[in-house]
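Student:
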Amino acid sequence: MTTFLGRHDEVDDHIITLVAHGTDVRVVRAGTDKRSVLSEFASALALPAWFGHNWDALVDALRELSNDDQRRIELVWDHAHALRENAPETYALVVDILEQVADERDDLGLTIIDR
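Each residue of the sequence shown is one higher than the one before, counting from 1204 in this note's numbering.
1. Nearest CA to the CA of A1249: which residue from D1259, V1230 and D1236?
2. Using alpha carbons as the reference points, say which of L1221, H1211, D1236 and T1206 lies closest to E1292.
3. Restricting to runs no shorter than 4 residues, where is the alpha helix (DSSP H) found entirely within the stretch 1254–1293?
4. How long is the line joining the alpha carbons of I1300 and D1259, rounded to whole angstroms?
5. Buried or exposed, going by whether 16 or more other CB atoms sit within 10 Å of the CB of D1271?
6. The beta strand (DSSP E) spanning R1210 covers which residue range?
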């Protein structure tokens, strides 16, 4: 399930609630274009060396995303507003990728924050 939050929603409360429920919260800034989006994911999630900074590699890396203690992971894609406004095709593609991977995994949730 994907949660969409806007700039006026209680983002901090949402994240605090996730953590309180034992969720491994991973926050990734959205970036402003394809290159910065892929760099933000690579940096924030410490993606493996084989990550090729392309959409297929992002899908593969997200499919393999894990943690040591087998907790549920919530991927929080934050500050998506600028990307949505300036590069709507890239924004839509990233949302599709994130939702696809979240739908494939029982242990991965998704929050997209449009601020």
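C-beta: ideal position from N, C-alpha, C; glycine also. The model shown is predicted, which means the values in this text are computed figures rather than measured ones.
Tutor: Put simply:
1. Looking up residue 1249 in the sequence shown gives position 46. Checked all of D1259, V1230 and D1236; the closest Cα to A1249 is V1230.
2. By 1-based counting over the sequence shown, the position of residue 1292 is 89. Looking at the Cα atoms, D1236 is the closest of the given residues.
3. 1258–1267 and 1284–1289
4. In the sequence shown, residue 1300 corresponds to position 97, counting from 1. In the sequence shown, residue 1259 corresponds to position 56, counting from 1. When rounded, the distance between both Cα atoms is 9 Å.
5. Working through the sequence shown from its first residue, we reach residue 1271 at position 68. Label assigned to D1271: exposed.
6. For the purposes of this step, residue 1210 is identified with residue 7 of the sequence shown, where counting begins at 1. Neither: R1210 is in no beta strand (DSSP E) and is coded neither H nor E.
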